[in-house]
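Everything on this sheet refers to the single structure shown next.
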Amino acid sequence: MTNKYESPLSSRYASEYMLNLFSSDTRYQTWRKLWVSLAKAEMTLGLPITKEQVSELSSHITDIDYEVVAKKEKEVRHDVMAHIYAFGKAAPSAAGIIHLGATSCYVTDNADLVIYRDALLYVKQELLKVIANLYDFADKYKKTPTLGYTHYQPAQLVSVGKRATLWMQDFLCDTQEIDEVIGCIKFLGCRGTTGTEASFMELFEGDTAKIDEMNKMIAQDFGFEKCFSVCGQTYPRKLDSRILNCLSSVAQSCYRMANDIRLLQHDRQVEEPFEKNQIGSSAMAYKRNPMRSERICSLSRYLMADSMNASMTASVQWLERTLDDSANRRISMPEGFLCADAIIRLAQNVTDGLRVNEKIVEKAVNDYLPFIATENLLMEAVKKGGDRQKVHEIIRQCSMKATEEMKNGEPLNLLKYLSEEKEFGLSEQEMYELLNPLDYIGRSEKQVEAFLEEVKPYIADIKRTTAEISV
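Residues 0 to 470 (numbering that gives the first Met the number 0) are what the sequence shown spells out, left to right.
This is the structure:
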């Protein structure tokens with residue numbers, strides 16, 4: 000514990016991978032790698048930089064003296080200049096060529112692009128684990144009848160597995176959107192204060208081919224094939240908006256699934272994992288609250304709201320550069336990723352141990368199946384010589400009577416009442432024989448099988464692992 004505020008995303012929810020990726024060490028070591036890459040490219044292209052200087056810079060990537068940085072930043076009020084100063088202290092022979100021709104956004108923006116790309120790749124991989132869990136779940140329960148709902152009112156039967164494919168389809172859409180966004184991430188490169196590369200026109204004496212080659216070399220060092228075609232001082236903040244919107248979409252899908260599970264757990268049809276020593280309530284010892292699904296919903300609301308930060312920032316970028324994006328991005332972008340990571344970890348945990356209480360599911364089906372079967376009963380009655388309109392009216396009246404009794408806590412007597420109507424023409428036993436739940440789930444099983452075939456290539460290399468959460 001600490002006597003200073005610590006984000007719950009760090010202390011309770013996010014994974015070690017994501018916490019390390021957005022750590023100060025990763026960010027500032029990436030800055031140093033960018034300075035090394037710039038110096039190496041400039042040396043290769045003929046600027047007066049020596050191999051010894053590049054080598055010395057390369058040997059001091061990780062030994063960042065944060066005390067020196069903090070002291071210098073307090074003096075100059077500029078984080079990049081403070082880090083340049085500290086890097087120069089560590090590599091004195093190269094101090095004079097660090098950041099040559101660059102502006103601050105060379106390191107800040109390019110480092111962000113590297114981190115965001117890697118974070119999106121991780122988010123996609125973790126989301127595929129959720130899809131893999133649901134794949135197994137949907138396959139197992141693809142023909143298990145369950146009561147379907149519209150408007151949260153009992154409707155026609157579906158299968159437990161078919162319902163899970165609705166969640167999977169949303170997640171699959173999210174992975175495809177992540178791929179699209181990753182495909183749009185290009186490198187900023189070293190473009191100067193207004194994106195015109197004017198400083199490098201001076202350094203390379205107007206040789207534009209060398210400028211292009213320099214940016215290509217640096218981009219390749221960090222795994223990028225292309226730089227943005229045009230830019231101001233920064234990379235387009237529209238990309239941030241696309242990234243957070245993408246993470247918001249993941250949150251929306253997780254929320255939808257978790258909320259469905261919460262509704263179903265209320266009826267004890269489905270339950271999220273509940274551990275042996277877990278406490279459901281400090282007051283009511285018998286309770287099994289769906290706290291993981293509730294946490295998914297809670298964090299998802301935060302992430303959906305957080306996505307608004309990037310869209311507002313993208314809309315107010317003045318001309319070639321303004322700095323009102325910086326403080327907001329330091330918070331909204333990392334926390335968006337950490338929150339998405341936390342939500343997905345919870346979704347993995349829930350889907351890995353999701354329990355179906357089949358007897359309760361079966362009871363709910365049987366309780367409503369006579370109502371659901373009324374269209375089939377009507378057709379059977381007509382086959383036996385009944386008048387369709389009169390049979391329909393009999394069903395309507397008997398249904399209203401049975402419903403009213405159910406509201407008073409009495410059992411469902413619909414089939415009994417129908418059998419007592421001579422014009423209906425079916426005995427209670429004949430009607431019971433028409434109440435096989437599997438006859439009322441439509442094409443659920445085949446739809447699940449077809450969808451799982453569509454999903455299979457996406458999860459072919461995904462290993463099933465037990466998802467652990469911290470609290």
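Where a beta carbon is used, it is the ideal one built from N, C-alpha and C, also for glycine.
Counting along the chain, P144 sits inside the beta strand (DSSP E) bounded by residues P144 to T149.
Closest by C-alpha distance to A137, out of T465, E452, I461 and A459, is E452. About 7 Å separates the Cβ atoms of V122 and D340, confirming a contact at the 8 Å cut-off. Counted as a single uninterrupted DSSP element, the stretch harbouring A304 is not any beta strand (DSSP E) but the alpha helix (DSSP H) occupying residues M290 to S314. The residues V229, C230, G231, Q232 and E319, in chain order, have a CB closer than 8 Å to that of G194 in the same chain once the five nearest residues on each side in sequence are set aside. In terms of Cα proximity to K225, the closest of T465, N109, E176 and L126 is N109. DSSP lists F186 as the beta-bridge partner residues of C226. Taking all protein chains in view, the Cβ of K128 is crowded by 16 or more other Cβ atoms within 10 Å, so the residue is classified as buried. Around the CB of K406, fewer than 16 other CB atoms lie within 10 Å, so the residue is classed as exposed.
With 16 or more other Cβ atoms from the protein chains shown falling within 10 Å of its own Cβ, Q268 counts as buried.
Per the C-alpha coordinates, the member of S6, L99 and I114 positioned closest to F21 is I114. Rounded to whole angstroms, the separation of the alpha carbons of R395 and R300 is 43 Å. The alpha-carbon separation between M303 and P91 amounts to approximately 47 Å. In this structure, the alpha-carbon of D111 lies about 30 Å from that of R255. As the crow flies, the alpha-carbon of V315 is around 17 Å from that of R329. Judged by DSSP in its simplified three-state form, L44 adopts coil rather than helix or strand. The C-beta of R463 has fewer than 16 other C-beta atoms within 10 Å across all chains shown, which makes the residue exposed. Going by C-alpha positions, H59 is about 11 Å away from Q52. If you check the CB distance, P235 and L353 do not come in under 9 Å. In this structure, the straight-line span from the alpha carbon of I130 to that of D117 is close to 20 Å. Between S292 and R11, the gap from beta carbon to beta carbon reaches 9 Å or more. Assignment of Q428 by DSSP, reduced to helix, strand and coil, places it in the helix class.
Bridge pairing for E270: R354 [DSSP].
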